[in-house]
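Residue numbers (this note's numbering): 65 to 278.
Where is the CB? At the ideal position from N, CA and C, for every residue including glycine.
One structure is given here, and the rest of the page talks about it.
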């Protein structure tokens, strides 16, 4: 096989790989998924402003929430929730992205900011990410709000074709907080939302009926 044919084959395979990830692949347990972490691009923290502390305290919290999910992986079992034996973890892109955010603009006392995002907003968020070096399917939790006033958090559960940055699908899931201290209180919300994702009555199994095509 000459070099021109080898080059052509390489580009054909690369193009196929970039387009290969589909909604249905999310529900195929043999297809690997990479956990990307909690994204706070358009997050709103409603109420409880004083308990969040300073700007540096808030930045520390964003990292602490992401670190806790990895540290306590039995409690935050991402793989089990999405029907996998395991997931890869790569939080570099999310942590770098979160570090550039204006965290003080996240605070609000407006109830309208609780459910303020649309699917198109999630598309925009993902488009703004640097996902170079990643491939396959990625899973990101895009935090919409942590609302102390009504004791509930809202997160978009987002599956991404990492080759193209296409959002395969995203679904809003809400849940109550639980735990002592600011970190654990809202980490408890993430745990409750993850439990909903893994529930056989709704979450991942409900999405399977909606998106999966054999």
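Here residue 96 is exposed: its Cβ has fewer than 16 other Cβ atoms, across all protein chains shown, within 10 Å. DSSP places residue 155 in the coil class of the three-state scheme, outside both helix and strand. Taken through DSSP and simplified to helix, strand or coil, residue 231 comes out as strand. Here the C-alpha atom of residue 243 lies approximately 32 Å from the C-alpha atom of residue 188. Residue 170 and residue 236 have their C-alpha atoms roughly 19 Å apart. The criterion of a C-beta distance shorter than 8 Å is not satisfied by residue 234 and residue 151.
With 16 or more other Cβ atoms inside 10 Å of its own Cβ, residue 177 counts as buried. Selection 139, 131, 261 and 138 evaluated against residue 239 yields 261 as nearest (Cα-Cα). Straight across, the Cα-Cα distance linking residue 145 with residue 120 is about 32 Å.
Under DSSP, residue 103 shares a beta bridge with 206. In this structure, the CA atom of residue 202 is about 20 Å from the CA atom of residue 273. Sorting 232, 257 and 164 by C-alpha distance to the C-alpha of residue 209 places 257 at the top. Each residue's CA atom was taken as its position, placing residue 259 and residue 200 some 24 Å apart. DSSP places residue 116 in no beta strand (DSSP E) but in the uninterrupted alpha helix (DSSP H) bounded by 113-116. The shortest C-alpha to C-alpha distance from residue 254 to any of 211, 197 and 227 is the one to 211.
Looking at the DSSP output, residue 193 bridges to nothing.
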